[in-house]
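Chains as they are written, first to last, in our numbering: chain A, 1 to 161; chain B, 162 to 322. C-beta: ideal position from N, C-alpha, C; glycine also. The next block holds one structure in the form of structure tokens; read it before the comments.
Protein chains: 2
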Amino acid sequence: MGMASDLHDILGDLVSVNHRLTRVAARAARGTESPALWRTLSVLLSTGPIRLGELADLSRVSQPTATKLVGSLVARGWIERTSDAADARVSLIASTPAGEAALVAWRTELAAALLPYFADLPAADVETLERAVAILRERVEATERMAAPHRPAAATTVTDR
Amino acid sequence: MGMASDLHDILGDLVSVNHRLTRVAARAARGTESPALWRTLSVLLSTGPIRLGELADLSRVSQPTATKLVGSLVARGWIERTSDAADARVSLIASTPAGEAALVAWRTELAAALLPYFADLPAADVETLERAVAILRERVEATERMAAPHRPAAATTVTDR
DNA sequence: ATCATATACATAGCCAAGCTATACATCCAC
DNA sequence: GTGGATGTATAGCTTGGCTATGTATATGAT
């Protein structure tokens, strides 16, 4: 089986192939593009309502970039800001049902567009991809936890972490 | 333990985790950023000298975008254009030794920056990632072949990395 | 209580990377 | 040699990213 390249090389290859796959995906899902918005929305969905600074940290973007993205998402009706009674400087940002629906629709469309390229994958390879995605997600989420060390026990919602 | 999500869902998750990983990588390798340039250079390395239109197709970007990227890379001395005697409209674009060195350096730095996040991965997971990268690369390259159907037998084939 | 500092976000202004539309140059068929 | 096809370049726009800085609120020391 695997010929034990070392992890260092594998990570380099991973990033490289990721960039290329990103382009394939971007072109496959023409018109429906704006990865940054989907990423932001996705973070909001997984965290529940949070303040802007936290969102920036979790999304790994600067605070001003987060401000821009939030503006776009609000304009589309995909998220909402509600003022925080306890601190007038901040507002809590949360996805709306419309936002969640839009995200699901995008993911569906994107996957459908990529499907033809992967349609004839052997079952074993499908399973490998599935496990790899799980591994990567776990690591990425670990770094996000590091990035936002002390989340104030945010509002009512679950915040599964 | 294949949970047997279907391929459609796996692809959606893959793209999603890719976007997040891209942000992690971008922030980990601060300063050294310009993924598009590296992607372009990487394509050139794997194909040998090609004309601009082919490069655009293989990189999955528009022709004007390729023009811009090529300009930047030439300015950095990482690629060279040599005029094609047979067709005055085009020039052949090829990476320079400096470009190849820069690419290797970037990949090294990037992988090093990501390494801490993955340092404690079990060997089995490392192998899973390795195989997943191989699978993805194969599929991505298949789409690239589709994107640029009839390439004139391009010189030396250097391994993509 | 007041004032100073720290915090949270917004604004300004820049740049890169992507796009479409279009112009220009060259090739090829006739 | 002219006319349409082809290959790049240019123009002009949008978005997403950044740093630096401004502004409002909170907080802590006195």
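Checklist entry - Candidates 125/A, 34/A and 117/A: which alpha carbon is nearest residue 73/A's? => result Numbered from its first residue, the first sequence carries residue 73/A at position 73. If we check each option's Cα against that of residue 73/A, 34/A comes out closest.
Item to check | Inter-residue spacing [alpha-carbon to alpha-carbon] between residue 191/B and residue 275/B | outcome: Here residue 191/B refers to the residue found at position 30 when the second sequence is read from its first residue. Here residue 275/B refers to the residue found at position 114 when the second sequence is read from its first residue. If I take the Cα positions, the gap works out to 12 Å.
Item to check | Length of the line joining the Cα atoms of residue 15/A and residue 178/B | outcome: Taking the first sequence and counting its residues from 1, the one referred to as residue 15/A is at position 15. Taking the second sequence and counting its residues from 1, the one referred to as residue 178/B is at position 17. Rounded to the nearest angstrom, the two C-alpha atoms are 12 Å apart.
Item to check | Span of the alpha helix (DSSP H), counted from its first residue to its last, around residue 88/A | outcome: Counted from its first residue, the first sequence places residue 88/A at position 88. Unbroken run through residue 88/A: none, as it is neither H nor E.
Item to check | Own chain partners of residue 266/B with C-beta closer than 6 Å, once the 5 adjacent residues on each side are dropped | outcome: Here residue 266/B is taken as the residue at index 105 of the second sequence, counted from 1. The answer is none, since no qualifying residue turns up.
Checklist entry - If we count the other Cβ atoms within 10 Å of its Cβ and call it buried at 16 or more, is residue 95/A buried or exposed? => result Position 95 of the first sequence holds residue 95/A. It counts as buried.
Checklist entry - Applying a beta-carbon distance threshold of less than 8 Å, which residues of chain A neighbour residue 289/B? => result For the purposes of this step, residue 289/B is taken as residue 128 along the second sequence, with counting starting at 1. 128, 131, 132 and 135, listed in chain order.
Next on the checklist: Counting only Cβ pairs nearer than 8 Å, list the residues of chain B close to residue 12/A.
Outcome noted: By one-based count along the first sequence, residue 12/A stands at place 12. Correct list: 268, 269, 271, 272 and 322.
Next on the checklist: Taking only three categories from DSSP, how would you classify residue 256/B?
Outcome noted: The residue labelled residue 256/B in the question sits at position 95 within the second sequence. Of the three classes helix, strand and coil, the one that applies to residue 256/B here is strand, per DSSP.
Checklist entry - Can you tell me whether residue 49/A is buried or exposed, with buried defined as 16 or more other CB within 10 angstroms of its CB? => result What you label residue 49/A is simply residue 49 of the first sequence in a count that begins at 1. Classification of residue 49/A: buried, given that the 10 Å Cβ count is 16 or more.
Next on the checklist: With DSSP as the reference, identify every bridge partner of residue 81/A, one or two as the case may be.
Outcome noted: In the first sequence, counting from the first residue as 1, residue 81/A sits at position 81. In DSSP, residue 81/A forms a bridge with 93/A.
Item to check | Anticipated Cβ contact below 8 Å, residue 213/B with residue 227/B, distance rounded | outcome: Residue 213/B sits at position 52 when you count from the first residue of the second sequence. Residue 227/B sits at position 66 when you count from the first residue of the second sequence. That belief holds up - the Cβ atoms of residue 213/B and residue 227/B are roughly 6 Å apart, short of 8 Å.
Item to check | Beta-ladder partner(s) of residue 10/A, from DSSP | outcome: If you number the first sequence from 1, residue 10/A lands on position 10. Residue 10/A pairs with nothing; no bridge assigned.
Checklist entry - How many Å lie between residue 298/B and residue 83/A at the Cα? => result One-based indexing of the second sequence puts residue 298/B at position 137. One-based indexing of the first sequence puts residue 83/A at position 83. So the alpha carbons of these two residues sit roughly 46 Å apart.
Checklist entry - Skipping 5 residues on each side, what residues in its chain have a beta carbon closer than 8 Å to that of residue 402/B? => result Not covered by the structure: residue 402/B. The range shown for chain B is 162 to 322.
Item to check | chain A contact for residue 306/B (CB, 9 Å cutoff) | outcome: The sequence position of residue 306/B within the second sequence is 145, counting from 1. With 9 Å as the cut-off, residue 306/B does not count as an interface residue toward chain A.
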